[in-house]
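Just below is one structure, and these are the notes that go with it.
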Amino acid sequence: MSEEDSRLPFFTGGTIGGTGCLVLFALAALITRFAWTGLRHVTLVAFVTAAAVFVLTPPVIQLGRRLGALDIPDPGSRKIHEYSVPRWGGIALYAGILIGVLSGYHSIFEVRIVLLATAPVFLVGVIDDYVSVRAGLRFLVQLAATFILIAGGIRVTFLPPTWWGHALELGITVLWVVGITNAVNFLDGMNGLVSGLGAGSAFAFTALALMLNQPALAYCSAALGAACVIFLGYNTRPGRIFLGDSGSTTIGFMLAALGLLGTWSESRGQNITSFLVPVVILNVAIYDMIFTTVARIADGRVRTVRQWINYTGRDHIHHRFNMLGWSHTQTVLVVWLLNFSIALDALGLIHSTLLESLVIALQVVLLYVFVAMLEHAALKRRGAESESESESESESESESE
């Protein structure tokens with residue numbers, strides 16, 4: 001056992017919490033045995049997935065340490081954790097989802113397409129966590145995975161059924177999947193942040209799937225949510241394992257696919273609802289991607305797609321909230337609550353009129369204007385602190401002379 005292993009006991013608060021969640025999933029599976037068939041099947045998928053992730057994660061931790069797939073601390077960068085931590089969390093996550101979903105529902109075509117399309121994104125992430133993979137190759141793999149979804153009929157379908165409507169739908173589908181995949185990956189900068197966001201968003205999709213009787217969406221989203229909840233127990237500070245690119249891109253790609261898999265309105269003409277439901281559920285990732293991308297382009301830090309995928313910086317929403325003086329835990333909780341509180345609007349959107357949909361959209365925009373103001377205040381606070389530190393250093397140098 002390494003020094004890091006000895007200083008990070010297995011039964012941390014997080015793993016105890018994960019054990020508790022596994023027990024709750026088991027109780028839910030038992031209770032819903034007497035419920036209607038759809039809910040019973042979905043709960044069983046969640047329980048099998050949770051059990052698989054719970055069992056698989058410890059050996060994956062050991063495998064990562066043995067093979068050197070570690071995230072090494074670097075105080076001068078974003079990597080400010082105290083110990084070297086394995087970063088192959090995606091292996092346990094994706095394997096658990098496969099076991100949970102394929103244990104009984106592999107016959108549903110859309111389920112197989114989602115799992116098949118996710119596979120290349122996951123595999124490239126595993127390799128990237130071990131030896132760096134060029135941004136161009138990662139982008140091409142994400143494009144190929146997106147076209148697997150499109151070939152399987154999982155794509156944007158809210159525009160008029162004309163040639164230009166179909167062309168725009170294909171372009172929007174690619175932009176949506178690649179954008180969400182990388183947006184979630186970019187957010188993976190604090191323990192528990194992405195796994196918590198993934199769980200909340202996935203279970204929001206599950207609730208809608210049960211309300212709208214969409215089994216493929218329900219099985220995939222329940223499995224993803226359960227996997228994220230159990231993994232969160234191992235990833236909570238002090239984290240025993242990180243998601244890595246294999247985990248964060250898998251979560252991001254599957255969430256993007258879930259947004260396309262669902263049918264959010266009975267009428268194709270209800271374009272606003274079809275567009276808004278997945279956007280509202282994935283609101284934090286979308287906002288952060290837009291905010292940081294615009295800021296980086298405006299500052300000249302990003303000029304190409306390769307630079308956009310490769311760029312890492314401390315300018316994401318969780319970094320800005322942290323600059324306000326909030327602790328790691330407070331920051332993660334605020335981001336979770338922000339995403340989940342807005343995602344609840346999706347439950348009302350599916351039965352809303354056009355006017356009601358527009359009002360909800362306006363509410364979300366206004367809330368994020370406030371968030372942007374908070375981020376701006378964080379930057380000003382950081383700038384003021386930097387100036388104060390510089391002045392203090394200058395005064396110290398003058399006194400020493």
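Be aware that the sequence shown starts at 1, since it is given in the UniProt record's numbering, and climbs by one per residue.
We put the beta carbon where it would ideally sit given N, CA and C, even for glycine.
1. Quick one: any contact between the segment 139-149 and the segment 178-185, if contact means 3 or more CB pairs under 8 Å?
2. Taking the CB atoms as reference points, tell me whether V156 and I99 lie closer together than 8 Å.
3. Report yes or no: do three or more beta-carbon pairs, one from the segment 162-171 and one from the segment 193-202, lie closer than 8 Å?
4. Given this structure, state the Cα-to-Cα distance separating M323 from L354, to the nearest angstrom.
5. Kindly indicate which residue of A69, M211, V131 and G189 has the alpha-carbon position closest to the one of V42.
6. So, at 7 Å on beta carbons, what are the nonlocal neighbours of I309 in its own chain, with the 5 sequence-adjacent residues on each side left out?
7. Identify the continuous alpha helix (DSSP H) that holds F122 and give its terminal residues.
8. Beta-carbon within less than 8 Å of G64's beta-carbon, same chain only, minus the 5 sequence neighbours each way: which residues are those?
9. Hey, I281 and S201: beta-carbon distance below 8 Å or not?
10. Could you compute how far the alpha carbon of residue 450 sits from the alpha carbon of I251?
11. Within its chain, find whatever has a CB closer than 8 Å to the CB of R318; leave out the 5 residues flanking it on each side and keep chain order.
12. Check whether the Cβ atoms of A257 and V53 sit closer than 8 Å, and answer yes or no.
13. Our contact map puts A226 next to A46 with C-beta atoms below 8 Å; I'd like the distance itself, whole angstroms only.
14. For P86, which residues does DSSP report across the bridge?
15. Exposed or buried, what is S248 when buried is set at 16 or more other beta-carbons lying within 10 Å of its beta-carbon?
16. Within 10 angstroms of its Cβ, does T273 collect 16 or more other Cβ (buried), or is it exposed?
17. With DSSP as the reference, label L168 as helix, strand or coil.
18. Tell me, to the nearest whole angstrom, how far the beta carbon of F205 is from that of G262; I am working on the premise that it is less than 8 Å.
19. Answer yes or no: do I286 and V279 have a C-beta to C-beta separation smaller than 8 Å?
20. Exposed or buried, what is R320 when buried is set at 16 or more other beta-carbons lying within 10 Å of its beta-carbon?
21. Looking at the unbroken alpha helix (DSSP H) that takes in N213, where does it start and where does it end?
22. What three-state label does DSSP hand A153 in the structure shown?
23. Look at the alpha carbon of V302 and the alpha carbon of R314, and state the distance between them as a whole number of angstroms.
24. Look at the alpha carbon of G239 and the alpha carbon of V305, and state the distance between them as a whole number of angstroms.
25. Which same chain residues, not among the five before or five after R381, have their C-beta less than 7 Å away from its C-beta?
26. Considering just the uninterrupted stretch of the alpha helix (DSSP H) at M323, what are its terminal residues?
27. What is the DSSP secondary structure of R301, counted as helix, strand or coil?
28. If you follow the alpha helix (DSSP H) that I342 is in, where does it begin and where does it stop?
29. My guess is that L255 and G198 are in contact by the Cβ rule of under 8 Å, so how many angstroms apart are they, rounded?
30. Put residue 404 into one of helix, strand or coil per three-state DSSP.
31. For G269 and L344, I'd like the C-alpha separation in whole angstroms.
32. For the alpha helix (DSSP H) that G252 lies in, which residues bound it at each end?
33. Within the same chain, show all residues whose beta-carbon is closer than 6 Å to that of D245, passing over the 5 residues directly before and after it, in chain order.
34. Using 10 angstroms around the beta-carbon of N213, count the other beta-carbons present and answer buried if the total reaches 16, otherwise exposed.
35. Between L349 and L276, how many whole angstroms is the CB-CB distance? I'm expecting something under 8 Å.
Put simply:
1. Here the segment 139-149 makes contact with the segment 178-185; the two share three or more CB pairs at distances below 8 Å.
2. Counted from its first residue, the sequence shown places residue 156 at position 156. Counted from its first residue, the sequence shown places residue 99 at position 99. No, the Cβ-Cβ distance between V156 and I99 is not below 8 Å.
3. Judged by Cβ distances under 8 Å, the segment 162-171 makes no contact with the segment 193-202, as fewer than three pairs qualify.
4. Taking the first residue of the sequence shown as position 1, residue 323 is located at position 323. Taking the first residue of the sequence shown as position 1, residue 354 is located at position 354. Going from the Cα of M323 to the Cα of L354 covers about 39 Å.
5. Translated into positions along the sequence shown, residue 42 becomes position 42. Comparing Cα-Cα distances from V42 to each of A69, M211, V131 and G189, the minimum goes to M211.
6. Counted from its first residue, the sequence shown places residue 309 at position 309. Around I309, the same chain offers A135, R138, F139 and N182 as residues with beta carbons nearer than 7 Å, after the five sequence neighbours per side are excluded.
7. Here residue 122 is taken as the residue at index 122 of the sequence shown, counted from 1. Per DSSP, F122 is one residue of the alpha helix (DSSP H) stretching across F109 to Y130.
8. Here the question's residue 64 lines up with position 64 in the sequence shown. Counting only Cβ-Cβ distances below 8 Å, and skipping sequence neighbours, we find L70, P86, R87, W88 and I241.
9. For the purposes of this step, residue 281 is identified with residue 281 of the sequence shown, where counting begins at 1. For the purposes of this step, residue 201 is identified with residue 201 of the sequence shown, where counting begins at 1. With a cutoff of 8 Å on beta-carbon distance, I281 and S201 are scored as near each other.
10. In the structure as shown, the chain starts at 1 and stops at 401, and residue 450 therefore has no counterpart that could be examined.
11. Here residue 318 refers to the residue found at position 318 of the sequence shown. One detail in the question is off: residue 318 reads as His in this sequence, not Arg. Cβ within range, chain order: L187, G189, M190, L193, T331, V332 and V335.
12. As a working note, residue 257 is residue 257 in the sequence shown. As a working note, residue 53 is residue 53 in the sequence shown. No.
13. One-based indexing of the sequence shown puts residue 226 at position 226. One-based indexing of the sequence shown puts residue 46 at position 46. Rounded to the nearest angstrom, the Cβ distance from A226 to A46 is 4 Å, consistent with a contact under 8 Å.
14. What you label residue 86 is simply residue 86 of the sequence shown in a count that begins at 1. Answer is L70, bridged to P86.
15. The residue labelled residue 248 in the question sits at position 248 within the sequence shown. By the 10 Å Cβ count, S248 comes out buried.
16. As a position in the sequence shown, residue 273 is number 273, starting the count at 1. Burial call: buried.
17. Here residue 168 corresponds to residue number 168 of the sequence shown, with the count starting at 1. Looking at L168 - three-state DSSP - the assignment turns out to be helix.
18. Looking up residue 205 in the sequence shown gives position 205. Looking up residue 262 in the sequence shown gives position 262. About 7 Å separates the two Cβ atoms, so the contact holds.
19. Here residue 286 refers to the residue found at position 286 of the sequence shown. Here residue 279 refers to the residue found at position 279 of the sequence shown. The Cβ atoms of I286 and V279 sit closer than 8 Å to each other.
20. Position 320 of the sequence shown holds residue 320. When all chains shown are included, R320 counts as buried.
21. Here the question's residue 213 lines up with position 213 in the sequence shown. Judged by DSSP secondary structure, N213 falls outside any alpha helix (DSSP H); it is assigned neither H nor E.
22. Taking the sequence shown and counting its residues from 1, the one referred to as residue 153 is at position 153. In the sequence as presented, Ala is not what sits at residue 153; that position holds Gly. Taken through DSSP and simplified to helix, strand or coil, G153 comes out as coil.
23. Taking the sequence shown and counting its residues from 1, the one referred to as residue 302 is at position 302. Taking the sequence shown and counting its residues from 1, the one referred to as residue 314 is at position 314. Taking the straight line from one Cα to the other gives about 14 Å.
24. Start at 1 with the first residue of the sequence shown, and residue 239 comes out as number 239. Start at 1 with the first residue of the sequence shown, and residue 305 comes out as number 305. Looking at the two C-alpha atoms, the distance is approximately 31 Å.
25. By 1-based counting over the sequence shown, the position of residue 381 is 381. Cβ within range, chain order: M323 and L324.
26. Position 323 of the sequence shown, counted from the start, is the residue given in the question as residue 323. Note, M323: alpha helix (DSSP H), I317 to M323.
27. As a working mapping, residue 301 is identified with position 301 in the sequence shown. Residue state for R301 is assigned as coil, using DSSP reduced to three classes.
28. Stepping through the sequence shown from its first residue, residue 342 is reached at position 342. Per DSSP, I342 belongs to the alpha helix (DSSP H) from H328 to A343.
29. Residue 255 sits at position 255 when you count from the first residue of the sequence shown. Residue 198 sits at position 198 when you count from the first residue of the sequence shown. L255 to G198, Cβ: 7 Å. Contact.
30. Outside the shown range of the chain, which is 1 to 401, sits residue 404, and nothing can be said about it.
31. Here residue 269 refers to the residue found at position 269 when the sequence shown is read from its first residue. Here residue 344 refers to the residue found at position 344 when the sequence shown is read from its first residue. Confidence at G269 is low in this model, with a pLDDT of 45, below 50, so its placement is unreliable and no value can be given for it.
32. Here residue 252 refers to the residue found at position 252 of the sequence shown. Here the alpha helix (DSSP H) through G252 covers G244 to L261.
33. Counting from one through the sequence shown, the residue named residue 245 turns up at place 245. Excluding five sequence positions before and after D245, the CB atoms of its chain that fall closer than 6 Å to its own CB belong to G125, D128 and D129, given in chain order.
34. For the purposes of this step, residue 213 is identified with residue 213 of the sequence shown, where counting begins at 1. Under a 10 Å Cβ-count criterion, N213 is classified as exposed, with fewer than 16 other Cβ atoms of the shown protein chains found around its own Cβ.
35. As a working note, residue 349 is residue 349 in the sequence shown. As a working note, residue 276 is residue 276 in the sequence shown. Taking 8 Å as the upper bound for CB-CB distance, L349 and L276 are in contact here, some 6 Å apart.
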